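Here's the structure, in structure tokens; my notes come after.
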């Protein structure tokens, strides 16, 4: 399996997934990066995965449905929550639903749907499970629920929902690769180092991320194990502490260096 970041807007990342003969993209808020990549690679789309309804995640769907090359032009597949049907989702998926990534390779990688509300009420994540044909760690596409070094804001969901969703994701195996939808790692780790100044793994990760970003690099994917070690939102002692930390992050302004 090959996963390619396609950059959009100021910090969005649209993930392109190639598995056997299938090609999927996740949260195409802008169609142009996807169309350019498809043209340059000679690929055609199997389907689209939508995590939630925000415009920077669904805005490119109309253009993709109209302009992209599809493996089945008569039945383009757009998977997502029920709330997103008005934005172009034509295949509603729900918690713990499982589907093959490719109908042509039933023994290949599969998709597991996870309901992870909190950032929004309708938020889903997609866990790509390895197989004997495509071995390796699982890959989590979590939209705006879990970020590298942080988590999403509350924009429709509740602190309790987001806390429960993060607890659920933190129980995945440590080697699970984490593909979130924004390049927020540096600002998240600045906050993480602020609230946990004595955590050496967080400080070390912050220094590494600074270098990557100074060179124009992408800091993703992360892993569940790394997030459990350095992400303060996965290390809170219960819901009240989590809610307080989320509120603190909302108003945090990084000190000038």
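In the numbering used here, the protein residues as written are 14 to 270.
Idealized CB from N, CA, C, for every residue including glycine.
Predicted, not measured: the structure shown is a model, and the values here were computed from it.
{"query": "Give the DSSP-derived three-state secondary structure of residue 16 in the structure shown.", "result": "strand"}
{"query": "Scan the segment 114 to 188 and note each continuous beta strand (DSSP E) run of 3 residues or more that stays entirely inside, going in chain order.", "result": "123 to 128, 137 to 142 and 152 to 156"}
{"query": "Identify every run of the beta strand (DSSP E) within the segment 20 to 76, keeping only runs that are complete inside it and at least 3 residues long; order them along the chain.", "result": "25 to 32, 35 to 39 and 60 to 62"}
{"query": "So, are the CB atoms of residue 21 and residue 79 less than 9 Å apart?", "result": "no"}
{"query": "Can you name, in chain order, every residue of its own chain whose Cβ lies under 6 Å from the Cβ of residue 24, other than the five neighbours on each side?", "result": "195 and 196"}
{"query": "Which residues does DSSP pair with residue 193 in a beta bridge?", "result": "156"}
{"query": "Give the straight-line distance between the Cα atoms of residue 241 and residue 157, rounded to the nearest whole angstrom.", "result": "17 Å"}
{"query": "Buried or exposed, going by whether 16 or more other CB atoms sit within 10 Å of the CB of residue 186?", "result": "exposed"}
{"query": "In terms of alpha-carbon separation, which member of 261, 155 and 41 lies closest to residue 81?", "result": "41"}
{"query": "If we ignore side chains and look at the alpha-carbon of each, how far apart do residue 227 and residue 88 end up?", "result": "43 Å"}
{"query": "How many Å lie between residue 216 and residue 35 at the Cα?", "result": "39 Å"}
{"query": "Take residue 162 as the anchor and find which of 170, 139 and 183 has the nearest alpha-carbon.", "result": "183"}
{"query": "Beta carbon of residue 236, beta carbon of residue 139: below 9 Å?", "result": "no"}
{"query": "Specify, as a first and last residue, the run of the alpha helix (DSSP H) that residue 259 falls within.", "result": "252 to 264"}
{"query": "Which whole-angstrom value is the C-beta distance of residue 153 and residue 192, which I expect to be below 8 Å?", "result": "7 Å"}
{"query": "Rounded to the nearest angstrom, what separates residue 150 and residue 16 at their Cα positions?", "result": "13 Å"}
{"query": "Under a three-way DSSP split, which group does residue 243 fall into?", "result": "helix"}
{"query": "Ignore the nearest five residues each way along the sequence and tell me which others in residue 239's own chain have a CB closer than 6 Å to its CB.", "result": "none"}
{"query": "Bridge partners of residue 235, per DSSP?", "result": "191"}
{"query": "What residues are listed by DSSP as bridge partners for residue 230?", "result": "In DSSP, residue 230 forms no bridge with anything."}
{"query": "Nearer than 8 Å: is that true of the beta carbon of residue 264 relative to any heavy atom of the ligand NAD?", "result": "Of the ligands one can find in the structure shown there are none, so the ligand NAD has no counterpart to examine."}
{"query": "By Cβ distance, which residues of its chain are closer than 6 Å to residue 208, with the 5 residues on each side in sequence left out?", "result": "245"}
{"query": "Less than 9 Å between the C-beta atoms of residue 141 and residue 115, yes or no?", "result": "no"}
{"query": "Measuring alpha carbon to alpha carbon, tell me which residue in 224, 62 and 66 is nearest residue 39.", "result": "62"}
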